[in-house]
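Visitor:
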Ligand code: C2E
Ligand code: CA
Ligand code: CA
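In the numbering used here, the protein residues as written are 1024 to 1419.
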C-alpha cells in the first residue's frame, strides 16, 4: 500500500514545522492534537495554543508566504491532512476579490499585532490588483445606486423590422447610463457589476416600468397601425431568482396600459440553470400577459426539450451566426436549422446583428420573421424611436 502523500502522521512530541521554516503548506488536523510554541528551544519559550481535530494549522504562512512564526509539535499521535500551495492558490484565484482583500487585510493586522510592530507591510502585486479591482467595482456599484435614485438611467430603443414588409414591428429596450462624470456608459460596462449584487433587481424593476410606459407612448403615437407594436426587455438571472419579479412584471404591464405587447428576453443558459423553477416562473409571467423571447438563441446549451416545456413566443438568433453569413456556409446551415426548429415549435424569430444588405437578403430568403441590426438602425432615444413607428425600412 502506498502512503497517502496528502496525509502526515506524527508521533507524540514530533515537530510539524519550526519557526523560520518556509510557509509552503497548511494542515487540517484529522485526529490527535498539536501544541503551538513561540521561541521554542529558548529560555523564553511560550506555548501559545493547543489545537485539536478539525482545526487548521499553518494557514497564515501559506496565505502570505512568509516564514513560519511559531513551532508546532504533536501532543499525541496526530494525523494531519495537507493543503498544498497549488491547491490553495487555485481556490484563492477563484475567490471574490473582496473576500481576498479582506482575508489579506485581516492577516496583516493580525501579524502586526502579534509582532507588536507598527510598520506598514509590503503590499504584494496581487493584493494591489485586488484592491484596485475592488475599489473600482465598489465605486461603480455605489455610483450606479445613486444613478438609479438620480434618474440617470435611460432606455434606448432599437427598431425590430418585419422582414415581410419592412415596417417597424417593435423595439428592444436597451439600457444606458447617462452619467454626469463618466458620460454615456454602455450596459456591457455596468450591467455585469449590477448583476453581482441585488442592485440588478432594482435596475430591472426600474427598466420594466420604464419600458411599459414607453410602449404605451409609442403605441399611442402609432395608433393608425393595424398590428400592435411589441417591446422586448432584457431580464437577468438574479431577477428570475428574485421574489419580486412577478410584481415587477405586473407593474411593467400596468404601465403599458394594455398597449402593445411586452416581451421578456431571457437567455437560454439562465432558463436552463433550473428548468423546473424556470418553467414555473415563465408560466406565471405568461399568465400575467407577458410574452417570452429566448435571447442569444443557439449560443448556449440548446435543449429542444426545454423549448417544449417553456413554450416561448419568440427565438432571438444570436449575432454570431450572422457575422460570417456571407463567407461561411456553416453559419447559413445553422440559421437554416434554427429556422426549422422555430417553425416546428411555431415560434416567431428575430435575427440580431444584421449589418449588411447581403445578410438581410439571406435572412429574408431563409424565411425569418424579423431583423434587428445596425443595417436599419442603432438603438434610439425614445423621441427618435417614436418618429419611426410608421417607417418602412429598406435594406440599403
Ligand atoms: P443583447 O441583449 O444581446 O442586446 C443586443 C446588443 O447588440 C445591444 O448592445 C445592441 O446595441 C447590439 N446590436 C444590435 N444590432 C447590432 C448590430 O447590427 N451590430 C452589432 N455589432 N451590435 C448590434 P447594447 O445596447 O450595448 O447591450 C449589450 C447587452 O447589455 C445586451 O445584449 C444585454 O445583455 C445587456 N442589456 C442591455 N439593456 C439591458 C437591460 O435593461 N437589462 C439587462 N439585464 N441587460 C441589459
Ligand atoms: Ca437582448
Ligand atoms: Ca441578444
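From the three backbone atoms N, C-alpha and C, an ideal C-beta is built for every residue, glycine too. Small disclaimer: the values here were computed from a predicted structure and weren't measured.
For residue 1365, which option in 1349, 1379, 1336 has the closest C-alpha, if you only look at C-alpha atoms?
Guide: Closest option to residue 1365, Cα to Cα, is 1336.
Visitor: Taking only three categories from DSSP, how would you classify residue 1100?
Guide: DSSP places residue 1100 in coil when its eight states are reduced to three.
Visitor: Measuring from the CB of residue 1392, is there a heavy atom of ligand 3 at a distance below 6 Å?
Guide: No - ligand 3 has no heavy atom lying nearer than 6 Å to the Cβ of residue 1392.
Visitor: Would the beta-carbon of residue 1381 be found less than 6 Å away from any heavy atom of ligand 3?
Guide: No, the Cβ of residue 1381 stays beyond 6 Å of every heavy atom of ligand 3.
Visitor: Would you list the one or two residues that DSSP bridges to residue 1207?
Guide: Beta-bridge pairing links residue 1207 to 1201.
Visitor: Suppose the cutoff is 7 Å on Cβ atoms and the five residues either side in sequence are ignored; what does the same chain contact list for residue 1231 look like?
Guide: So the list reads 1256, 1271, 1272, 1274, 1275, once near-sequence residues are dropped.
Visitor: Let's see if you can read the secondary structure: which residues bound the beta strand (DSSP E) around residue 1258?
Guide: Run containing residue 1258: none; DSSP gives neither H nor E here.
Visitor: Determine the extent of the beta strand (DSSP E) in which residue 1180 is found, giving its start and end residues.
Guide: First-last of the beta strand (DSSP E) with residue 1180: 1176-1185.
Visitor: If you compare alpha carbons, which of 1408, 1416, 1350, 1407 is closest to residue 1385?
Guide: Of the listed residues, the one whose Cα sits closest to residue 1385 is 1350.
Visitor: Which one or two residues does DSSP pair with residue 1050 in a beta bridge?
Guide: According to DSSP, residue 1050 bridges with 1080, 1105.
Visitor: Starting from residue 1375, trace the beta strand (DSSP E) in both directions and tell me its first and last residue.
Guide: Element bounds for residue 1375: 1371-1375.
Visitor: At a cut-off of 6 Å, would you count residue 1367 as near ligand 5, judging by its Cβ distance to the nearest heavy atom?
Guide: This structure lacks ligand 5; the ligands present are ligand 1, ligand 2 and ligand 3.
Visitor: Say the cut is 6 Å; is the CB of residue 1045 nearer than that to a heavy atom of ligand 1?
Guide: No, ligand 1 has no heavy atom inside 6 Å of this Cβ.
Visitor: In three-state terms, what does DSSP make of residue 1275?
Guide: Helix at residue 1275.
Visitor: Could you check if residue 1007 belongs to the surroundings of ligand 2, using beta carbon to heavy atom distance under 6 Å?
Guide: This structure does not reach residue 1007, given that the chain is present from 1024 up to 1419, and the question cannot be answered.
Visitor: Examine ligand 2 and report whether any of its heavy atoms sits within less than 6 Å of the Cβ of residue 1328.
Guide: The answer is no for residue 1328.
Visitor: Let me know if residue 1305 comes out buried or exposed under the rule of 16 or more other beta-carbons within 10 Å of its beta-carbon.
Guide: It is buried - the Cβ of residue 1305 has at least 16 other Cβ atoms within 10 Å.
Visitor: Measuring only the C-alpha atoms, how far is residue 1129 from residue 1153?
Guide: Roughly 14 Å separates the two Cα atoms.
Visitor: Less than 7 Å between C-beta atoms, sequence neighbours within five positions excluded: which residues of the same chain meet that for residue 981?
Guide: With the chain running from 1024 to 1419 in the structure shown, residue 981 is simply not present.
Visitor: Count the other CB atoms, across all protein chains shown, that sit within 10 Å of the CB of residue 1237; report buried if there are 16 or more and exposed otherwise.
Guide: Its Cβ being crowded by 16 or more others within 10 Å, residue 1237 is buried.
Visitor: Spatial neighbours of residue 1167 within its chain, please: CB distance less than 8 Å, with the 5 preceding and 5 following residues excluded, ordered by chain position.
Guide: Taken in chain order, the residues that qualify are 1200, 1213, 1216, 1217, 1222, 1226.
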